[in-house]
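Asks: Note that the sequence shown covers residues 13 to 433 in our numbering.
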Amino acid sequence: MNIDILLGLQWGDEGKGKIVDAISPVYDVIARFQGGPNAGHSLEFNNIKHVLHLIPSGIFHTDKLNIIGNGVVIDPAVFKKEIEELGPPVSELTKRLIISNKANLILPTHRILDAAYEMHKGNSKIGSTLKGIGPAYTDKTSRNGLRVGDILREDFKQKYNDHVKNHLAILKNYDFKFDLKEYENDWFEGIEMLKKFSIISTEYLINELAGKDKKVLAEGAQGTMLDLDFGSYPFVTSSNTISAGACTGLGISPKLIGNIFGIFKAYCTRVGCGPFPTELLDVTGANLRNLGHEFGSTTGRPRRCGWLDLPALKYSIMINGITKLFMTKADVMSGFKTIRICTSYKIDGKICKELPFNQESQIEPVYTEFEGWEEVLTGYRKFEELPSALKKYIEFIEKQTGIPVTMVSVGPDRKETIFRN
Ligand code: GDP
Ligand code: IMO
Ligand code: MG
């Protein structure tokens, strides 16, 4: 069982990028399996912060192979920009990054459609990142997509034009102004950049490497509460963010999966629209946002903040089959006198431990209160030395979920990570 998965248990932005980078040294391959440029994965070392959107978070380790799997949707323009801003020369990156020929392309018109659909939804909009994710996955599912492997075909431009024609016909129904040419130039330059990389059937490579005892880490994007099937539908993304998504998004059997690491913030955030039972619209929520720098890595939008939601966390653990929990950002709550965890919901006066079908129903969170801790956590490196109030907070989560918290992150830097034996 040579493939581990790391994925988010909340509404995204749990700190996946930072932790994938921190644990990459024990892996040979780091592979993204779903999502696309809607993701913003931050990682920090040597006082420099990097934000990755499409490229797996193992890219800064020079001896690792990074794979963008078939489940990912790729916007070539975003890809080119990201490659150019990364630092190392392209000739070096082509040795460390391989792309699935089956990953679907996000076309310029997908981005335009995303914006047109959102505008049309008015008050019920999703709060999409406007990167074209929904329309690109829609075309994939309806078998109208263009795939990365298609860029090597002689008739690619013709195929592209056919797709654009169809999209423009749909856009005629919307009163939405756009300038396609503006997007297209960058997009075709991006296609040339993609051609510099190996574009192959990565499923063969991953299975071959896993069979040779190489260790693979599958890196999730978004979070379980944004999963297309199990998230707070329709306020979700358009891919399966859960552990099963790693199998379909990379072409691997469940038999090969070892650990499934579930990452969560010590509190909750959500960016975009949709239900959020423990959201704090008061000064505590504002404090979490300011102290935790809770602004979107992709869009810069302020993230909504609230207390930890155990019914949602337990649900995520169940759906994913989590074997180990990783907790991030406890350092943000240093100095809080009291901290709360939502242990159940009250719906129509009844206590409920499960997530309701209609998550937009009036949910009143029922809280358990904990004493806070004063200590600044950033310098801590040993679990045993953490403040006892924080250890009690962690113990409570472990008892409630039945899963051990084996890693605690106390800052954005690679080094600010505490592993527990
Ligand atoms: P991702 O999408 O799951 O990779 O998460 P993001 O990168 O979008 O958001 C997480 C943010 O929190 C980033 O700015 C990280 O640098 C930062 N971060 C990650 N872990 C910690 C932590 O333990 N403490 C603090 N203070 N910041 C963290
Ligand atoms: P990472 O990987 C947080 C949210 C959007 C919106 C909904 C649908 O950095 O955790 P989409 O553009 O996918 O159609 O938007 O999902 N969303 C994210 N929120 N982190 C992300 O990724 C997200 N990717 C999408 O805000 O509510
Ligand atoms: Mg993010």
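Ideal Cβ positions, reconstructed from N, Cα and C, are used throughout, including at glycine.
In this text, all values refer to a predicted model and were calculated from it rather than measured experimentally.
1. Excluding the five sequence neighbours on either side, which residues of its own chain have a C-beta within less than 7 Å of the C-beta of Asn-332, listed in chain order?
2. Where does Arg-282 fall in DSSP's three states?
3. So does Asp-239 have its beta carbon nearer than 7 Å to some heavy atom of ligand 4?
4. Let me confirm a value: Ser-251 is counted as buried when at least 16 other C-beta atoms fall within 10 Å, else exposed. Which label applies?
5. For Asp-321, which residues does DSSP report across the bridge?
6. Please report the distance separating the alpha-carbon of Phe-45 from that of Asp-198.
7. Evaluate Met-450 with the Cβ neighbour count: other Cβ atoms within 10 Å of its Cβ, from every protein chain shown; 16 or more gives buried, anything less gives exposed.
8. What residues come near ligand 3, if near means a beta carbon less than 5 Å from any of its heavy atoms?
9. Could you give the DSSP three-state label for Phe-408: helix, strand or coil?
10. I'd like the span of the alpha helix (DSSP H) that includes Ile-145, first residue to last.
11. Using the three-state DSSP reduction, which class does Gly-48 fall into: helix, strand or coil?
12. Relative to ligand 1, is the shortest distance from any of its heavy atoms to the C-beta of Lys-6 smaller than 7 Å?
13. Is the Cβ-Cβ distance between Thr-413 and Lys-341 less than 8 Å?
14. For Lys-365, I'd like the list of residues in its chain whose CB is within less than 7 Å of its CB, leaving aside the five on either flank, ordered along the chain.
15. Between the region 135-153 and the region 116-124, are three or more C-beta pairs nearer than 8 Å?
16. Say the cut is 7 Å; is the CB of Gly-81 nearer than that to a heavy atom of ligand 1?
17. Check for me: the beta strand (DSSP E) holding Lys-61 runs from which residue to which?
18. Which of the three DSSP states is assigned to Tyr-186 in this structure?
19. Applying the 10 Å Cβ sphere with the 16-neighbour rule, what's the burial state of Ile-71?
20. Do Glu-215 and Asn-82 have their CB atoms nearer than 8 Å?
21. Once DSSP output is grouped into helix, strand and coil, what is the label at Asp-75?
22. At the level of alpha carbons, what is the spacing between Asp-239 and Asp-151?
23. Taking just the CA atoms, how far does Phe-247 sit from Lys-193?
24. Does the distance from the CB of Ala-230 to the CB of Ala-43 come in under 8 Å?
25. Please state whether the Cβ-Cβ distance between Pro-424 and Lys-30 is less than 8 Å.
26. With DSSP as the reference, identify every bridge partner of Ile-42, one or two as the case may be.
27. Between which two residues does the beta strand (DSSP E) holding Ser-112 run?
28. Which partner residues of Ile-269 appear in the DSSP bridge assignment?
29. For Asn-113, which residues in the same chain have their Cβ closer than 7 Å to its Cβ, ignoring the five residues on either side in sequence?
30. Between Lys-427, His-62, Gly-261, Trp-319, which has its C-alpha nearest Leu-98's C-alpha?
31. Rounded to whole angstroms, how far is the Cβ of Gly-202 from the Cβ of Lys-92, which I believe are closer than 8 Å?
32. Which whole-angstrom value describes the C-beta separation of Phe-382 and Tyr-405, a residue pair presumed to lie in contact below a C-beta threshold of 8 Å?
33. Are Asp-343 and Thr-296 touching if we call contact CB-CB under 8 Å?
34. Is there at least one non-hydrogen atom of ligand 2 closer than 7 Å to the beta-carbon of Ile-60?
35. What is the C-beta distance between Phe-209 and Ile-111, in whole angstroms, given that I count them as a contact (C-beta under 8 Å)?
Replies: Taking the definition as stated:
1. Your numbering for residue 332 matches position 320 in the sequence shown. The answer, listed in chain order, is Leu-19, Thr-236, Ile-254, Ser-255, Ile-272, Gly-274.
2. Sequence index remark: in the sequence shown, residue 282 carries index 270 (1-based). Per DSSP, reduced to three states, the secondary structure at Arg-282 is strand.
3. Looking for ligand 4 in the displayed structure turns up nothing; the ligands present are ligand 1, ligand 2 and ligand 3.
4. Reading the sequence shown from its first residue, position 239 is the one you call residue 251. Its Cβ being crowded by 16 or more others within 10 Å, Ser-251 is buried.
5. As a first step, residue 321 must be located in the sequence shown, where it is residue number 309. Answer by DSSP bridge pairing, in chain order: Cys-354.
6. As a position in the sequence shown, residue 45 is number 33, starting the count at 1. As a position in the sequence shown, residue 198 is number 186, starting the count at 1. Computed Cα separation, rounded: 25 Å.
7. For residue 450 there is no data in the structure shown, the boundaries of the chain being 13 and 433.
8. What you get when you keep residues with a C-beta closer than 5 Å to any heavy atom of ligand 3 is Asp-25, Gly-52, Ser-309.
9. To locate residue 408, count along the sequence shown from 1; it is residue 396. Helix.
10. The count along the sequence shown starts at 1 and reaches residue 145 at position 133. Ile-145 -> alpha helix (DSSP H) spans 145-153.
11. Here residue 48 refers to the residue found at position 36 of the sequence shown. In the structure shown, the three-state DSSP call for Gly-48 is coil.
12. Outside the modelled stretch of the chain, which goes from 13 to 433, sits residue 6, for which no answer is possible.
13. Counted from its first residue, the sequence shown places residue 413 at position 401. Counted from its first residue, the sequence shown places residue 341 at position 329. Not closer than 8 Å, so no.
14. Stepping through the sequence shown from its first residue, residue 365 is reached at position 353. Excluding sequence positions up to five before and after Lys-365, its CB lies within less than 7 Å of the CB of Pro-323, Ser-356, all in the same chain and listed in chain order.
15. yes
16. As a position in the sequence shown, residue 81 is number 69, starting the count at 1. The answer is no for Gly-81.
17. Mapped onto the sequence shown, residue 61 falls at position 49. Note, Lys-61: beta strand (DSSP E), 60-64.
18. What you label residue 186 is simply residue 174 of the sequence shown in a count that begins at 1. Correct three-state label for Tyr-186: coil.
19. On the sequence shown, position 59 is the one that residue 71 refers to. Buried, since its Cβ has 16 or more Cβ neighbours within 10 Å.
20. Numbered from its first residue, the sequence shown carries residue 215 at position 203. Numbered from its first residue, the sequence shown carries residue 82 at position 70. Glu-215 places its beta carbon less than 8 Å from that of Asn-82.
21. Looking up residue 75 in the sequence shown gives position 63. Looking at Asp-75 - three-state DSSP - the assignment turns out to be coil, as it is neither helix nor strand.
22. For the purposes of this step, residue 239 is identified with residue 227 of the sequence shown, where counting begins at 1. For the purposes of this step, residue 151 is identified with residue 139 of the sequence shown, where counting begins at 1. Whole-angstrom Cα-Cα distance: 18 Å.
23. Taking the sequence shown and counting its residues from 1, the one referred to as residue 193 is at position 181. Taking the sequence shown and counting its residues from 1, the one referred to as residue 247 is at position 235. The straight-line gap from Cα to Cα measures roughly 31 Å.
24. Here residue 230 corresponds to residue number 218 of the sequence shown, with the count starting at 1. Here residue 43 corresponds to residue number 31 of the sequence shown, with the count starting at 1. Cβ distance < 8 Å, so Ala-230 and Ala-43 count as in contact.
25. Along the sequence shown, one-based indexing puts residue 424 at 412. Along the sequence shown, one-based indexing puts residue 30 at 18. In this structure, Pro-424 sits near Lys-30, with a CB-CB distance shorter than 8 Å.
26. Residue 42 sits at position 30 when you count from the first residue of the sequence shown. The partner list for Ile-42 (beta bridge, DSSP) reads Asn-78, Leu-229.
27. Residue 112 sits at position 100 when you count from the first residue of the sequence shown. Where Ser-112 is concerned, the enclosing beta strand (DSSP E) stretches over 109-112.
28. Here the question's residue 269 lines up with position 257 in the sequence shown. In the DSSP output, where bridge partners are listed per residue, Ile-269 has Ile-15.
29. Taking the sequence shown and counting its residues from 1, the one referred to as residue 113 is at position 101. Excluding its 5 nearest sequence neighbours in each direction, Asn-113 has C-beta neighbours in its own chain below 7 Å: Arg-159, Val-160, Gly-161, Ile-211, Ile-212, Ser-213, listed in chain order.
30. For the purposes of this step, residue 98 is taken as residue 86 along the sequence shown, with counting starting at 1. Of the candidates Lys-427, His-62, Gly-261, Trp-319, the one whose C-alpha sits nearest the C-alpha of Leu-98 is His-62.
31. Sequence index remark: in the sequence shown, residue 202 carries index 190 (1-based). Sequence index remark: in the sequence shown, residue 92 carries index 80 (1-based). Contact flag correct, Cβ pair sits at about 4 Å.
32. Position 370 of the sequence shown, counted from the first residue, corresponds to residue 382. Position 393 of the sequence shown, counted from the first residue, corresponds to residue 405. The Cβ separation is near 5 Å, so the contact holds.
33. Translated into positions along the sequence shown, residue 343 becomes position 331. Translated into positions along the sequence shown, residue 296 becomes position 284. No.
34. Numbered from its first residue, the sequence shown carries residue 60 at position 48. Not under cutoff, so the answer is no.
35. Along the sequence shown, one-based indexing puts residue 209 at 197. Along the sequence shown, one-based indexing puts residue 111 at 99. With 8 Å as the limit, Phe-209 and Ile-111 qualify as a contact, their Cβ atoms being about 5 Å apart.
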